[in-house]
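Just below is one structure, and these are the notes that go with it.
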């Protein structure tokens, strides 16, 4: 299979040919249909990798401290060897994708062969033809029209009463053609509902009872589902802000995740004020729930004062990427007393103590899409 990887030492990005992953207990193997390129996170990774050793050290002082600690405990040569080994290890790119389940490991009960799924996680949901994903980092793609309930087993074992005869044959023919073109699930000769077929995807699919709906007409598209992780990041930031109906919330940074956060907040009954240096982003957000937009910190401060009668917003969500401490300082200025500031973007966190002290502000650092992330025992073992 093909996969996109990056050298953290040189910054070089390559498309390489690798063996297809072997399914194991607690995992599912997914044939990728769409993977998301995160302009913020992946651009940051690429830029970081292209820096010199000194540049990397200046950008990640936390890692420098770890190396110094290893020098003290294990010696210079061992610390150097481990650091160089880490730099030489290729890094798979991507962390949000969607596709079709083609193999299922033992102990997995939540999925059926042929299920359309959204998958997440760095190292699990990358830019690769196949992704091996823990059961807990995958979710079935939801239906968008909800015409009928599935009788059993997701798409793989489903029946739908409205479809019979000619329509089944038509859909089966279309899917066969799509499979031949390489854009479908790859099931050929499908004509009648419930026909048993062997797919080219997996030996485990020998007894896969399929339906004529493997082209997923009632589901979100794979391209839409590939945004799952980014939606999760926005949702976790909103959750950590502990918003309530009628709250005033400021969103600093109206990139993709900021746009999603605005829509979530508006749907939750919040009044949303946003700021981004891009006028186009502000205008886009205004079309999707933003009540007032600003393109500078000064504009944002004035807007908050006007809308809240100088009381300040109940919470601020920072979804910008910045090298200066300005986003946090502005957030502290516009928050009300005992307000909540959620830092979900890549920004410095040098707390302006006096403002935080005077207002008794609360700072929360949101961890991507929530609890369990980076915890291998949870992601892979469910503990």
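In this note's numbering, the protein residues as written are 17 to 399. No residue lacks a Cβ here, since even glycine has one placed at the ideal position from N, Cα and C.
For residue i, three-class secondary structure by DSSP
i: residue 293; result: coil
i: residue 206; result: Bear in mind that the predicted position of residue 206 carries a pLDDT of just 32, short of 50, making it too unreliable to give a figure here.
i: residue 235; result: strand
i: residue 131; result: coil
i: residue 366; result: coil
i: residue 338; result: coil
i: residue 380; result: strand
i: residue 241; result: helix
i: residue 353; result: strand
i: residue 86; result: helix
i: residue 308; result: strand
i: residue 301; result: helix
i: residue 26; result: coil
i: residue 149; result: strand
i: residue 55; result: helix
i: residue 374; result: helix
i: residue 174; result: Only weak support is given to the placement of residue 174: the predicted model assigns it a pLDDT of 38, under 50, and the value that follows is read from those uncertain coordinates. Coil.
i: residue 213; result: Below a pLDDT of 50, predicted positions are generally treated as unreliable, and residue 213, at 30, falls in that range; the measurement from the model is reported next regardless. Three-state result, residue 213: coil.
Segment limits, alpha helix (DSSP H) that includes residue i
i: residue 343; result: 342-350
i: residue 322; result: 313-324
i: residue 159; result: Residue 159 -> no alpha helix (DSSP H), and no H or E assigned at all.
i: residue 279; result: 272-283
i: residue 395; result: 392-395
Bounding residues of the beta strand (DSSP E) (the contiguous stretch that carries residue i)
i: residue 44; result: 43-51
i: residue 254; result: No beta strand (DSSP E) holds residue 254; the alpha helix (DSSP H) holding it covers 244-256.
i: residue 113; result: 112-120
i: residue 144; result: Here residue 144 belongs to no beta strand (DSSP E), and DSSP marks it neither H nor E.
i: residue 33; result: 29-33
i: residue 23; result: 18-23
i: residue 107; result: 106-108
i: residue 360; result: Counting along the chain, residue 360 falls outside any beta strand (DSSP E), and DSSP gives it neither H nor E.
i: residue 264; result: 264-268
Burial state of residue i (16 or more Cβ within 10 Å)
i: residue 217; result: Bear in mind that the predicted position of residue 217 carries a pLDDT of just 44, short of 50, making it too unreliable to give a figure here.
i: residue 92; result: exposed
i: residue 291; result: buried
i: residue 366; result: exposed
i: residue 35; result: exposed
i: residue 140; result: buried
i: residue 287; result: buried
i: residue 119; result: buried
i: residue 131; result: buried
i: residue 228; result: Legend: pLDDT at residue 228 = 36, less than 50; position of this residue unreliable, no value from coordinates given.
i: residue 150; result: buried
i: residue 325; result: exposed
i: residue 275; result: buried
i: residue 316; result: buried
i: residue 297; result: buried
i: residue 393; result: exposed
i: residue 53; result: exposed
i: residue 49; result: buried
i: residue 85; result: exposed
i: residue 143; result: buried
i: residue 252; result: buried
Supposed contact pair residue j and residue i - C-beta distance, whole angstroms, cut 8 Å
i: residue 356; j: residue 378; result: 5 Å
i: residue 51; j: residue 113; result: 4 Å
i: residue 384; j: residue 331; result: About 19 Å; that fails the 8 Å criterion.
i: residue 319; j: residue 270; result: That pair is no contact at about 14 Å.
i: residue 19; j: residue 32; result: 6 Å
i: residue 115; j: residue 238; result: 7 Å
i: residue 360; j: residue 328; result: Not really, about 20 Å apart at Cβ, beyond 8 Å.
i: residue 22; j: residue 129; result: That pair is no contact at about 32 Å.
i: residue 313; j: residue 265; result: Not a contact, Cβ separation roughly 17 Å.
i: residue 236; j: residue 148; result: Residue 236 to residue 148, Cβ: 23 Å. No contact.
i: residue 344; j: residue 273; result: With a Cβ gap of about 17 Å, residue 344 and residue 273 do not count as contacting.
i: residue 248; j: residue 386; result: 7 Å
Cβ of residue i within 7 Å of any chain D Cβ
i: residue 365; result: The chain inventory of the structure shown lacks chain D, comprising one protein chain alone.
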